[in-house]
Amino acid sequence: MQKVHIPRDMLAKALGADDVAAAIADEAKARKINIQIIRNSSRGLAWLEPFVEVESPKGRLGYGGVKVADVKALFDANFLSGGEHKLATGLVEDIPFLKKQERLTFARAGITDPVSLADYLAHGGFAGLKKALAMSGAEIVKEVTESGLRGRGGAGFPTGIKWKTVHDAKAAQKYVCCNADEGDSGTFADRMVMEGDPFMLIEGMTIAGLAAGATKGYIYCRSEYPFAIDTLNEAIAIATAAGWLGENIQHTDKSFSLEVRRGAGAYICGEETAMLESIEGKRGMVRAKPPIPALEGLFGQPTIINNVLSFCAVPFILAKGAKAYADYGMGRSRGTMPFQLGGNLNQGGIVEKAFGITLRELVEDFGGGPYMGKPLRAVQVGGPLGAYLSADELDIKMDYETLAAAGAMLGHGGIVVFDASVDMSAQARFAMEFCAVESCGKCTPCRIGSTRGVEVIDKIVKGENREANAILLEDLCVTMTDGSLCAMGGLTPMPVMSAFRKFPEDFGLPKQKKLAAE
Amino acid sequence: MPKISFAEFDSAHAAPVAEICLAHGNKPDHLLEILHDVQGKLGHVPQEVLPIIAKALNLSRAEVHGVVTFYHDYHQHPTGKHVIKICRAEACQSAGGFAVIAALEKATGTKLGETSADGRFTLEAVYCLGLCPMGPAALIDGKPVAAIKPKKVDALVKELA
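Residue numbers (numbering that gives the first Met the number 0), protein chains in the order written: chain A, 0 to 517; chain B, 0 to 160.
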C-alpha cells in the first residue's frame, strides 16, 4: 500500500492541509486505489506547505504547495509513484534548503508521526533517557555541562550550571518547568517541536528531572498554540501508558510525571518568574530576583526552568555524548541552533545550523531574500525585544557573543525580514506600544516608560521639538534598560534604539553616514 | 474532600461552575485552567461566577477577579458568534498584516478589540501564532489561516456569515 505523508502541523493546516488530505483520500477511493495517509510532522519548509510526500525506493519525493484543486491532476500525473508534475520537488532530502542544514533537534521533523511511539523509538528516541536512567544525577549534570549547552530562550545561561544548582539544593520536592510561552514574534521552533516531536520534549524534561531529583514537571504552553497543547497531552498519555513517564520509569526506581498548563494570552508569562506565578494560578506578575528560581521557584521549591529547545537538545547530548554536541558551534556558543526565518522572505522556515553561520547566509542563501522583489532593509533578530539590523550588517556571525557585541541578541533565534517598504519609526513605536500592552505593571520604568515612549516617538515623528525629544527618548531608554525588573522593560529599548540610531531618516532626523559609537 | 455548599449563589451557573472546579480538585493553582473551562462552557466568564469559583478554591473574590482581568484570553462579556484573532506582531506586519486588519475591520463592521453591533463578529489582536514564515495569520473560530491577502478578506468573512 502506498503511503502518503501530509503534515499535521498548524502552519500546514492554516494553508489547507486538512482539506488536501481529505481530497486525496476521496480521490484515491474514487479511483479504487489503496493508500495510507500519514499525518506526519512538518519539515519546516514553510513555503512548500502543504507539503505532500510519497515514498519511493530512492527516498521520499515531495509535492509542494498542494491545493485541493491540484489533487485530481496529481493523481492523473501518477504522483503516488513519483510522477512528474509542476509541484514536484524531487527527492526531499536533496532540496538545498534541507540538505545544507545540520539537524539535531529537528532530525525527525517531517519524517515521523508525532504521536507514534514506535516511530520515535525507531528514530533514536529515548536513547538518551535510557542512558540517563543508569546514571546518577551528578553524572547527568556533568554531561550537560560539558556539552556547553546554553539556554536557548534568550539569556544564554549555561544549562549545566542551572541544573547543578537545583541538584545541589536540598528539598523534599523539586520541579522541572518548561517555558513553552516564549512565543516571541518570529519564533515558531517551539511550536513545531511540541506539535511535531513531543516525545523529544518529554524525554528532555524527564532527563532534567533525573538530574535534579525532581519528580514533577510542568509544561507551560501559550494558548496561541492550541494544537501543540493537544499533541502534548496526547503524547504524555501515550508515554505514561508505555512506562516512559510516571512511577518507576522502565521498571527502575525513578519516577517523573508531567502536566501541561495552558497560558492565557499574556506575553509576560514567558518571563520565568511570571510563568511560575501563572502556573500557581495567579496573575503573571514578575518576581524580584533573588531568590533565583533554581533555589526558590515553583511553590517556593527548587525548580529547573528551561525553554523547549534547551530541553530538546538534551536527549542528543545524553545519547551521543557531550563531545558530539560540543563539536558543533563556535567560541562559547556550542551546538546547533534552530534558526527561524519569518516575515517577508521567499523561503521561510526552520534552518538548524551550528552557531557561526552569518545572517546573510540565512536570509539570502536559505531565505531567498524578500518576496515581491523589493530590497531588504531591516532584519529583526531575536524576537520583539531583539535589535533591528540594517542591510549592511548582514555579514554578522550568529552566536551569542558576536551579536551581543553588536548591541543585538540571539534571543530565541527568530529572524524577521522587512523589505524597503518598512517605516522604522512605526516599528520603534510598536515596540513601545507592545510593551505597554504586555507589561505586568509591577515596575515603573516598564509600566509608565512604555506609554511615555509611544508619546515621545509620536512627537519626534511629528516634528515637535525634535532634537529635545530625541534626547528624551535616549534618556527614557536608558532608564528602562537599567531600571526595569525583567527583560520586558529592560530589552524593549533594544528594538527602539536600534531602529532610531540606524534609521534616523524615518524619524525625520538627518541620515547618519556612520553609526554613532555606543 | 469536604463538601462545599453553593446554595447561597442565586445563579444558574453555580452547579456547572462548581462541577468544573471540582474536576480540578478545587485546587487554586488550577485557576487558569478552570477559567478556560468555564469560558469553554459559557462562552465568557461572567462576573456572577467569580464568587462561586472563589468559594470553591478558597480564594478571595478579588484574587479571582485579578486573574480574570490580567489575562487577555478571558472575555468578561459575551463575544460575537465568530471570534477572529488576527496577529499584530512583527512578522505578520512585515507581510502586510496591518492592511489585512484594516480590511477585516471594514468587512466585519467592527474595530480590533470589539464586537460588532449585530453580535456576529468579535475581532481580537493576538501577538504571534507561530505561523511567521507565511503571514499574515489568524485564528478564525479556532481554525488557523495563513498568508491572508487583503483582497481575500471579504470572501473569508462571507464564508462565516
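Built from N, CA and C at the ideal position, the CB exists for glycine as well. None of these values were measured; they are calculated from a predicted model.
With a minimum length of 3 residues, the unbroken runs of beta strand (DSSP E) contained wholly in the stretch 49-137 of chain A fall at 51-55, 58-62 and 87-90. In the DSSP annotation of this structure, the continuous segment of the alpha helix (DSSP H) that includes Val477(A) starts and ends at Arg465 to Gly482. Residues of the stretch 218-244 of chain A with a Cβ closer than 7 angstroms to any Cβ of chain B, in chain order: Ser222, Glu223, Tyr224 and Pro225. A Cβ-Cβ separation of about 5 angstroms places Pro301(A) in contact with Lys173(A) under the 8 angstroms criterion. The Cβ-Cβ distance between Gly412(A) and Gly452(A) does not fall below 9 angstroms. Contact fails between the stretch 313-330 of chain A and the stretch 76-88 of chain B, because fewer than three Cβ pairs, one in each stretch, are under 8 angstroms apart.
Under DSSP, Tyr174(A) shares a beta bridge with Lys215(A) and Thr302(A). As the crow flies, the alpha-carbon of Cys127(B) is around 29 angstroms from that of Pro27(B). The count of Cβ pairs closer than 8 angstroms, one atom from the stretch 265-285 of chain A and one from the stretch 20-35 of chain B, reaches three, so the stretches are in contact. When the five nearest sequence neighbours on each side are left out, the beta carbons in the same chain lying within less than 7 angstroms of the beta carbon of Gly367(A) are those of Leu344, Asn345 and Gln346, in order along the chain. For His81(B), the enclosing beta strand (DSSP E) stretches over residues His81 to Cys86.
In the structure shown, the three-state DSSP call for Val285(A) is coil.
Residue contact check for Val66(B) against chain A: a CB pair falls below 9 angstroms.
Cβ neighbours of Ile456(A) within its own chain (closer than 7 angstroms, five residues either side excluded): Ser424, Ala427, Arg428, Met431 and Leu472. Look at Gln75(B) here: in three-state DSSP terms it is coil, with no helix or strand label. The stretch 390-419 of chain A contains, as complete alpha helix (DSSP H) runs of 4+ residues, the segments 399-404 (chain order). At least one beta carbon of chain B lies nearer than 9 angstroms to the beta carbon of Ser277(A). Distance from the Cα of Leu60(A) is smallest, within the candidate group Arg286(A), Pro292(A), Phe125(A) and Ile5(A), for Ile5(A). Chain A has no Cβ within less than 9 angstroms of the Cβ of Val99(B). Contact between Phe8(B) and Ile52(B) does not hold, since their C-beta atoms are separated by about 11 angstroms, which reaches or exceeds 8 angstroms.
Comparing alpha carbon positions, the residue from Gly372(A), Tyr399(A) and Leu375(A) closest to Gly385(A) is Tyr399(A). Nearest to Asp505(A) by C-alpha distance, out of Glu26(A), Gly482(A), Lys461(A) and Glu233(A), is Lys461(A). For Pro15(B), there is no enclosing beta strand (DSSP E); the enclosing alpha helix (DSSP H) covers residues Ala13 to Ala22. For Leu130(B), at least one C-beta of chain A is nearer than 9 angstroms to its own C-beta. Between the stretch 310-323 of chain A and the stretch 111-119 of chain B there are fewer than three C-beta pairs closer than 8 angstroms, too few to call the two in contact.
Closest option to Ala68(A), judged by alpha-carbon separation, among Ile23(A), Ser55(A) and Asp112(A): Ile23(A). When DSSP states are grouped into helix, strand and coil, Gln1(A) belongs to the strand group.
Apart from the 5 residues on each side of it in sequence, Gly155(A) sits with its Cβ closer than 6 angstroms to the Cβ of Arg149 and Tyr399 in its chain, given in chain order. Chain A has a Cβ within less than 9 angstroms of the Cβ of Ser93(B).
If one requires a minimum length of 4 residues, the alpha helix (DSSP H) runs lying completely within the stretch 74-151 of chain B are 89-93 and 96-107, in chain order. Under the Cβ criterion (8 angstroms, minimum of three pairs), the stretch 95-106 of chain A counts as touching the stretch 350-363 of chain A. The stretch 206-224 of chain A and the stretch 334-343 of chain A do not touch, with fewer than three beta-carbon pairs separated by less than 8 angstroms.
A direct Cα-Cα distance of roughly 39 angstroms separates Tyr73(B) from Lys501(A). Beta-carbon to beta-carbon, Gly42(B) and Ala90(B) are separated by about 30 angstroms, too far to satisfy the 8 angstroms threshold.
In its chain, beyond the 5 residues on either side, Ile139, Ile206, Leu209 and Leu317 have a beta carbon closer than 7 angstroms to the beta carbon of Ala131(A). For Met423(A), no chain B residue has a Cβ inside 8 angstroms of its Cβ, as the nearest lies near 12 angstroms away.
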